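Numbering of the sequence shown is given in the working numbering, commencing with residue 37 and proceeding in unit increments.
Think of the CB as a built atom: it goes at the ideal place given N, C-alpha and C, for glycine as much as any other residue.
Remember, it's a predicted structure, so these values are computed and weren't measured experimentally.
Each remark here refers to the structure printed beneath this line.
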Amino acid sequence: MTAFRSLARAQLLGWSRDRAAVFFTVLFPLLFLLLFGSLFKGASAPHITLLQNGPVVLFDSMTPDQRAQLNEEVTLVRDDDQADALEKVRNGDDDGLVSQGPDGRLVLRYSVADATRAATVQGVVNGIVQQANQDASHAPPTYVLQASQVEDLSTKPIQYLTPGLLGWAIATSGTFTAALTLVVWRKKFILRRLRLAPVRLPAVVAAPVAVTLLVALLQMAVFLGVATLPYYGLKLTGQWWIALPLVLSGSLAFMSIGLLVGSWAKTEQTATAAAQLIVLPMAFLSGSFFPLDSAPGWLKTISTVLPLHHLSTAMQNVLTRGGGWGDALPTIGGLLLFTAVLTLLAVRLFRWDDA
C-alpha cells in the first residue's frame, strides 16, 4: 500500500505541475463547453427575414394582431428594387423574396445555398398562406395539430452539449495520458527500474490507473459545476450520479486505448499523433460535438461501434433525460469488456525497454 501511495502521489503531483497536461485535459475541453454553450444558449425556433417586393395583399391587409404574430417568426422588410432584393437573397443577407403577380399568385424566391434555411423559408411561407386561405374560407378547420416537445420545457442545448463534450474530455485525458506516460517511462528507463525495484507489479499498475480515474472525476466535477451555473442552466435529473460509474468505466476504456498506443509507439511524437488520430475522428463520428440525427446511415453504423458514442449517449440519458441503471449498466459492461480486450492486446505488445 505504501508503494502504491508513493507512486500515485508522485504521478498526481507530476500531472498537476505540468501546465500543458492540465490545460489539454481539463481547460481545453472546458473551453469548447463555454464556447458552444454560449453560442447555442439562445437557440430557439428559426426566425427568417423576408423581403416584400411591391404590394402583397396577404401582408398588407394583416390586422395588428396578425402582424404581431407574424413578427414572432418573420422579419418582413419592404424592398421595391427587385434586382437589389434578389441580390440580397442570393448573397444570403436575407432568406427570401415575396412578390405578388398580376393574377394574385404569390411568388417566393429563395436561395438553395443553405438547404436547411431554404426548407425553413418554404415551410414558414406555406404555413402563412395556408392559414390565410383557411381564414378566407370562414370554415372551421377539420383537423387541428397540437405539438409539444417531449422534454421538459426547461430543456436547453446545454443538456445535450455537456455529456458529449465531457465524454470527449475523458477520451482525450485517458488516451493521451496513458500513451505518453508509457512511452516516457520506457525511454527514461523508469520501467526497467520499477521492474528491478522491490515494488509489486499491482502497485505499479494501480497507481497510474488511480490517477487517471481521479482526473476523470475532476473533469466531471468541473464540467457539471460550470454547466449548472445559472448562465448555462444545465438541469440534472434525479439519478444523475449514475454518471459516476459511467465516467470511471469510460476512463478505463480510453486508458486501455492509450496503453495499446504506448505499447506500440517508440517516441512521444508517434504516441501523440496516433492518439490524436484515434480520439479526434472518434469524437466527430460519435456525435460529441454535433448530433448525428441527419447523418448518413453508414456514418451512424460506424458510430455504434465506437465506445465514445455509447459513453456520451449513456451519460446524456442519466444526466438530462431521467435515465437510470437500465441505461447505464449495458454501457458500463460494454466499456469494461472493451477495456479487458484492449488491455490484453497491450500486454502482448508491451516492452520494458526499447531494446
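For a cut-off of 8 Å, the C-beta gap from residue 354 to residue 282 is around 7 Å, short enough to register as a contact. Annotation: residue 136 is outside any alpha helix (DSSP H); the continuous beta strand (DSSP E) that includes it extends over 132–136. Take the alpha-carbon of residue 296 and the one of residue 381: they are about 7 Å apart. With a threshold of 16 other beta carbon atoms within 10 Å, residue 361 falls short and is exposed. Residue 290 sits buried, since 16 or more C-beta atoms from the chains shown fall within 10 Å of its C-beta. For residue 89, the pairing in a beta bridge is given by DSSP as 135. Remark: C-beta atoms of residue 216 and residue 307 approach each other more closely than 7 Å. In the structure shown, the three-state DSSP call for residue 113 is strand. Of the other Cβ atoms in all chains shown, fewer than 16 fall within 10 Å of the Cβ of residue 174; this residue is therefore exposed.
Relative to residue 56, the option among 96, 213, 113 whose CA is nearest is 213. Here residue 148 is exposed: its Cβ has fewer than 16 other Cβ atoms, across all protein chains shown, within 10 Å. Excluding five sequence positions before and after residue 256, the CB atoms of its chain that fall closer than 6 Å to its own CB belong to 283, given in chain order.
Ranking 155, 223, 378 by CA distance to the CA of residue 305 puts 223 first. The Cβ atoms of residue 40 and residue 233 lie no closer than 7 Å to each other. Leaving aside the five residues that flank residue 347 on each side, the residues in its chain whose CB is nearer than 6 Å to its CB run, in chain order, 203, 286. Cα atoms of residue 336 and residue 130: separation of roughly 34 Å, rounded to the nearest angstrom.
With respect to the 7 Å criterion, residue 211 and residue 293 are classified as neighbours on the basis of their beta carbons.
Secondary structure of residue 316 (DSSP, three-state): helix. The three-state reading of DSSP puts residue 148 in coil, since its state is none of H, G, I, E or B. Listed in chain order, the alpha helix (DSSP H) elements of length 4 or more contained wholly in the stretch 329–382 are 333–339, 343–356. The residue from 124, 83, 116 with its alpha-carbon nearest to that of residue 156 is 83.
Residue 143 is bridged by DSSP to 135.
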